[in-house]
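Participant:
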Amino acid sequence: NAGVTQTPKFRILKIGQSMTLQCAQDMNHNYMYWYRQDPGMGLKLIYYSVGAGITDKGEVPNGYNVSRSTTEDFPLRLELAAPSQTSVYFCASSPLPQGTPFYEQYFGPGTRLTVT
Amino acid sequence: SQELEQSPQSLIVQEGKNLTINCTSSKTLYGLYWYKQKYGEGLIFLMMLQKGGEEKSHEKITAKLDEKKQQSSLHITASQPSHAGIYLCGADIPGGSQGNLIFGKGTKLSVKP
Numbered sequence: 005n006a007g008v009t010q011t012p013k014f015r016i017l018k019i020g021q022s023m024t025l026q027c028a029q030d031m032n033h034n035y036m037y038w039y040r041q042d043p044g045m046g047l048k049l050i051y052y053s054v055g056a057g058i059t060d061k062g063e064v065p066n067g068y069n070v071s072r073s074t075t076e077d078f079p080l081r082l083e084l085a086a087p088s089q090t091s092v093y094f095c096a097s098s099p100l101p102q103g104t105p106f107y108e109q110y111f112g113p114g115t116r117l118t119v120t
Numbered sequence: 124s125q126e127l128e129q130s131p132q133s134l135i136v137q138e139g140k141n142l143t144i145n146c147t148s149s150k151t152l153y154g155l156y157w158y159k160q161k162y163g164e165g166l167i168f169l170m171m172l173q174k175g176g177e178e179k180s181h182e183k184i185t186a187k188l189d190e191k192k193q194q195s196s197l198h199i200t201a202s203q204p205s206h207a208g209i210y211l212c213g214a215d216i217p218g219g220s221q222g223n224l225i226f227g228k229g230t231k232l233s234v235k236p
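Here is the structure:
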């Protein structure tokens, strides 16, 4: 299993440009998440999905969009990139909990995005 | 809203020394996760604590959950350079959507050989 994969690893965008961050998992997990990590600020949830066709906003969704057409893929779209979106973006997935109400999340390696 | 406070923010220890990282919640903890992150990489799951008083160990890392104090501690015994990285605690959001976690800001650990 490759686990959770993210592309690209690095990207520099100009203000106003758009791009899609790709995320895929091969573990057949129902739940998928997008986080951003700013220096010294921990992780903030952007969007999440509980299954194909179902997405919902997290703590910091403004400026982003997601879709979940398949179980495997959960792309994050940035429209009209702004310097405030400079961050490291992590995708994660988790299976349905087995016997407990708790969710172990598996993280991808991250995409480092700079908007100038 | 619930917040997780980690202390210390950063830590430098000599190889072989023991150390403790704390994670304190502003509200009741229902589930506490510890992750480790190396620079340029994603988070690696270490342990999950579910019940007050629960203690789990993995190699030289031990984590405990104190429900009354709304706190978890991560203890590393005889630290090694391989332990260096950023340790983050995460917690389930009470009443939140399934699987959504909040995270502390992380503790950066450096181990001097």
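Protein sequence lines, in the order shown, are assigned to chains A and B.
Letter by letter, the first sequence follows residues 5 to 120 of the working numbering.
Letter by letter, the second sequence follows residues 124 to 236 of the working numbering.
Heads up, the beta-carbon is just placed ideally off N, CA and C, and yes, glycines get one too.
Predicted model only: the values in this text are computed from it and were never measured.
Using Cβ-Cβ distances below 7 Å, what residues of the segment 82-102 of chain A are close to chain B?
Facilitator: If the cut-off is 7 Å between Cβ atoms, the segment 82-102 of chain A has 94 and 98 near chain B.
Participant: Can you pull the chain B residues whose beta carbon is under 8 Å from the beta carbon of residue 51/A, in chain order?
Facilitator: Here the premise fails: no neighbours, minimum Cβ distance about 11 Å.
Participant: Does the pairing of the segment 36-43 of chain A with the segment 129-147 of chain B give three or more beta-carbon distances under 8 Å?
Facilitator: Short answer: they don't touch.
Participant: Between the Cα of residue 149/B and those of 182/B, 139/B, 190/B and 183/B, spot the shortest distance and give me the residue it belongs to.
Facilitator: Nearest option by C-alpha distance: 190/B.
Participant: Using beta-carbon positions only, say whether residue 111/A and residue 162/B come within less than 9 Å of one another.
Facilitator: For residue 111/A and residue 162/B, no; Cβs fall outside 9 Å.
Participant: With DSSP collapsed to three states, give me the class of residue 206/B.
Facilitator: DSSP places residue 206/B in helix when its eight states are reduced to three.
Participant: Helix, strand or coil for residue 89/A? Go by DSSP, reduced to three states.
Facilitator: Looking at residue 89/A - three-state DSSP - the assignment turns out to be helix.
Participant: Using a cut-off of 9 Å between C-beta atoms, extract the partners of residue 169/B located in chain A.
Facilitator: Per Cβ cutoff of 9 Å: no residues; residue 169/B is ~10 Å from chain A at best.
Participant: Report the neighbours of residue 76/A on chain B: residues whose CB is nearer than 7 Å to its CB, in chain order.
Facilitator: Chain B residues near residue 76/A: none, gap ~17 Å exceeds 7 Å.
Participant: Taking any Cβ of chain A, which residues in the segment 189-211 of chain B have a Cβ under 8 Å from it, in chain order?
Facilitator: Result list: 211.
Participant: What do you get for residue 11/A, buried or exposed, if any count of 16 or more other CB atoms within 10 angstroms of its CB means buried?
Facilitator: It counts as exposed.
Participant: Roughly how many whole angstroms lie between the Cα atoms of residue 77/A and residue 213/B?
Facilitator: Distance between the alpha carbons of residue 77/A and residue 213/B is about 24 Å.
Participant: Check for me: the beta strand (DSSP E) holding residue 5/A runs from which residue to which?
Facilitator: Per DSSP, residue 5/A belongs to no beta strand (DSSP E) and is neither H nor E.
Participant: Is it the case that the segment 89-99 of chain A contacts the segment 129-139 of chain B, given that we only count it when at least three CB pairs across the two stretches are under 8 Å?
Facilitator: Contact fails: fewer than three Cβ-Cβ distances are below 8 Å.
Participant: Measure the beta-carbon distance from residue 32/A to residue 59/A and round it to whole angstroms, keeping in mind my assumption that it falls under 8 Å.
Facilitator: Not really, about 18 Å apart at Cβ, beyond 8 Å.
Participant: Relative to the alpha-carbon of residue 225/B, which residue among 133/B, 153/B, 137/B and 134/B has its alpha-carbon at the smallest distance?
Facilitator: With distances taken between Cα atoms, residue 225/B lies closest to 153/B.
Participant: With burial defined as no fewer than 16 other Cβ atoms inside 10 Å of the residue's Cβ, what is the status of residue 230/B: buried or exposed?
Facilitator: Buried, since its Cβ has 16 or more Cβ neighbours within 10 Å.
Participant: Measuring only the C-alpha atoms, how far is residue 101/A from residue 171/B?
Facilitator: Rounded to the nearest angstrom, the two C-alpha atoms are 13 Å apart.
Participant: What residues match up with residue 170/B in a beta bridge as DSSP calls it?
Facilitator: Partner(s): 157/B.
Participant: Return no unless some Cβ of chain B is closer than 9 Å to the Cβ of residue 109/A.
Facilitator: Taking Cβ atoms only, chain B reaches closer than 9 Å to residue 109/A, which makes this a yes.
Participant: Taking residue 114/A as the query, report the chain B residues whose CB atoms sit under 8 Å from its CB, ordered along the chain.
Facilitator: Under the 8 Å cutoff, chain B gives 163, 164 and 165.
Participant: Determine, for residue 225/B, whether the minimum Cβ-Cβ distance to residues of chain A falls below 9 Å.
Facilitator: Chain A contact via Cβ: present.
Participant: Would you identify the three-state DSSP class for residue 231/B, choosing helix, strand or coil?
Facilitator: Three-state result, residue 231/B: strand.
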